[in-house]
Amino acid sequence: MLTLGLETSCDETSAAVVENGFKIRSNIISSSLFKHQPFGGVVPEIASRHSLEQVDFVFEQALKQAGVKPADLDLVAVTAGPGLIGSLLVGVCFGKALSYRLKIPLMGVNHLEAHLSACFMVPESGAKRAAEFIGLLVSGGHTMITHHRRKKIEVLGETVDDAVGEAYDKVAKILGLGFPGGPVLDRLAKEGNPDAVAFTKPKQKNRFGFSYSGIKTAVLYHVQKARSRAGWNEQDEEQLRRDVAASFQRHAISWLVEKTMDAVQLKKAGHVAVGGGVSANSHLRARMAQETAAAGVKLWLSPLPLSGDNAAMIACRGWECFQSGKKSSLNLAANPNLKISA
Ligand code: KG4
Ligand code: ZN
Numbered sequence: 012m013l014t015l016g017l018e019t020s021c022d023e024t025s026a027a028v029v030e031n032g033f034k035i036r037s038n039i040i041s042s043s044l045f046k047h048q049p050f051g052g053v054v055p056e057i058a059s060r061h062s063l064e065q066v067d068f069v070f071e072q073a074l075k076q077a078g079v080k081p082a083d084l085d086l087v088a089v090t091a092g093p094g095l096i097g098s099l100l101v102g103v104c105f106g107k108a109l110s111y112r113l114k115i116p117l118m119g120v121n122h123l124e125a126h127l128s129a130c131f132m133v134p135e136s137g138a139k140r141a142a143e144f145i146g147l148l149v150s151g152g153h154t155m156i157t158h159h160r161r162k163k164i165e166v167l168g169e170t171v172d173d174a175v176g177e178a179y180d181k182v183a184k185i186l187g188l189g190f191p192g193g194p195v196l197d198r199l200a201k202e203g204n205p206d207a208v209a210f211t212k213p214k215q216k217n218r219f220g221f222s223y224s225g226i227k228t229a230v231l232y233h234v235q236k237a238r239s240r241a242g243w244n245e246q247d248e249e250q251l252r253r254d255v256a257a258s259f260q261r262h263a264i265s266w267l268v269e270k271t272m273d274a275v276q277l278k279k280a281g282h283v284a285v286g287g288g289v290s291a292n293s294h295l296r297a298r299m300a301q302e303t304a305a306a307g308v309k310l311w312l313s314p315l316p317l318s319g320d321n322a323a324m325i326a327c328r329g330w331e332c333f334q335s336g337k338k339s340s341l342n343l344a345a346n347p348n349l350k351i352s353a
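See below:
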């Protein structure tokens with residue numbers, strides 16, 4: 012069964028052809044990141060215009076690379092939310108038109124669920140997800156711990172303010188390191204002292220809740236104070252960047268790891284999946300590998316090429332939902348606040 016995946020929830024426009032949910036035949040991604048860089052963040056209007064310009068192209072390229080014709084497709088899976096409304100609408104309208112024209116079923120997909128499906132798109136999974144697992148979803152817009160048991164998904168906790176990826180982007184901005192902040196801070200952190208700045212762990216009512224706005228503000232005050240010192244020079248600035256990156260990264264990541272392992276214990280889960288843009292983080296990957304090995308739990312890290320937004324993960328999740336008997340109608344609406352469903 013061939014699924015065409017479409018992803019246009021934010022700054023990427025992507026189309027993919029995936030066989031039986033897991034075998035990636037093509038996964039074409041057109042990023043508009045370079046258009047947002049001068050503004051220091053994603054500009055929704057620019058993102059949706061980019062998707063509108065690129066959606067035909069990525070679709071054609073995905074078919075070409077997979078060596079298939081439109082008539083060979085069996086299912087259209089498209090991101091229905093959450094995300095930016097203008098961008099989402101491009102994919103949803105395109106997906107509906109394809110479904111109508113090709114007379115094949117349409118499946119609206121939750122972008123967050125798809126990030127976790129991506130973790131199992133590796134040969135080792137045997138083309139199926141674990142029956143029960145704890146999910147850690149870390150992206151630019153979300154930070155969430157979920158419990159998956161068969162087809163049920165329970166959200167155990169999420170961030171009350173900034174997402175962890177957003178905190179990376181804001182800290183990088185404060186340090187003058189450009190956008191997006193994750194990859195550059197991850198690299199710099201390796202050269203700095205993680206004990207240079209002590210950040211306090213935010214208190215949360217919910218055991219699995221997160222808050223990342225406090226640490227961002229603490230970075231701002233720390234940096235402002237350091238820069239106001241007499242005789243501050245270029246070398247001091249570089250050392251400050253390395254040390255803040257290392258200290259921020261160690262704290263931000265340890266909160267994620269601790270709470271995920273706490274959820275594993277609570278639910279007595281044997282598997283953990285880590286997905287979303289921040290799952291590319293080298294420190295998070297290393298720490299999760301250590302902790303899960305120590306606890307005797309199987310870790311499923313999103314493959315690096317699938318950690319950012321892409322249509323292959325949408326095709327996978329769409330196929331899983333379709334297999335469980337779900338189907339969307341041509342009334343499918345883009346929903347910027349779409350919640351994870353059971
Ligand atoms: O999942 P994603 O591609 O888009 C959303 O759905 O939000 O995640 C993007 C986020 C950005 O905030 C980016 O800074 C972060 O992922 N990111 C990283 C790394 N690579 C990307 N954060 C930390 N370390 C990384 N290596
Ligand atoms: Zn994403």
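Residue 12 is where the sequence shown starts when you use our numbering, and the numbers rise one by one after that. Every residue gets a Cβ at the ideal spot worked out from N, C-alpha and C, and that includes glycine. These figures come from a predicted structure and were not determined experimentally.
Check, Outcome
"Distance cut 6 Å, beta-carbon to the ligand ZN heavy atom: residue list by chain order", "H122, H126, S150, G287, G288, D320"
"G176: CB within 7 Å of a non-hydrogen atom of the ligand KG4", "yes"
"Length-filtered (3 minimum) beta strand (DSSP E) runs lying within the region 68-113", "86-92"
"Cβ pair E177, G151 closer than 8 Å", "yes"
"Three CB pairs or more closer than 8 Å across the region 136-143 and the region 111-124", "no"
"Continuous beta strand (DSSP E) stretch holding A322: start and end", "No beta strand (DSSP E) holds A322; the alpha helix (DSSP H) holding it covers 322-334."
"Buried or exposed (CB count within 10 angstroms, at least 16 for buried), D49", "A small correction: the amino acid at residue 49 is Pro; Asp does not occupy that position in the sequence shown. Flag for P49 reads exposed."
"Which residues DSSP lists as bridging L310, in chain order", "V283"
"Buried or exposed by the 16-neighbour rule on C-beta atoms within 10 Å, applied to S340", "exposed"
"Neighbourhood of R36 by C-beta, 6 Å cutoff - its chain only, sequence neighbours within 5 removed", "V28, E30, A77"
"Candidates L99, V54, G106: closest to L15 by CA position", "G106"
"For S42, the nearest candidate out of W266, M324, D320 (CA to CA)", "D320"
"I185 in three-state terms, based on DSSP", "helix"
"Cβ contact (3+ pairs, closer than 8 Å) linking the region 116-125 and the region 77-88", "yes"
"Meets three-Cβ-pair contact criterion under 8 Å: the region 180-197 and the region 304-316", "no"
"Three-state secondary structure (DSSP) of H126", "helix"
"Pairwise C-alpha distance: Q250 and V234", "11 Å"
"Option nearest M155 by Cα separation, candidates F221, Q72, T19", "F221"
"Supposed contact pair V53 and H61 - C-beta distance, whole angstroms, cut 8 Å", "In fact, because the Cβ distance is near 10 Å, the residues do not count as touching under 8 Å."
"Counted within 10 angstroms of its Cβ, other Cβ atoms place W243 as buried (16 or more) or exposed", "exposed"
"3 or more residues per run - each beta strand (DSSP E) lying fully within the region 156-218", "163-169"
"Of the listed residues A274, K227, L317, V195, nearest to A209 (C-alpha basis)", "K227"
"Beta-carbon spacing of A297, D254 below 8 Å", "no"
"Under the three-state DSSP convention, the category S265 falls into", "helix"
"Straight-line Cα distance separating A322 from E18", "5 Å"
"DSSP bridge partner residues for G119 (one or two, in chain order)", "V89"
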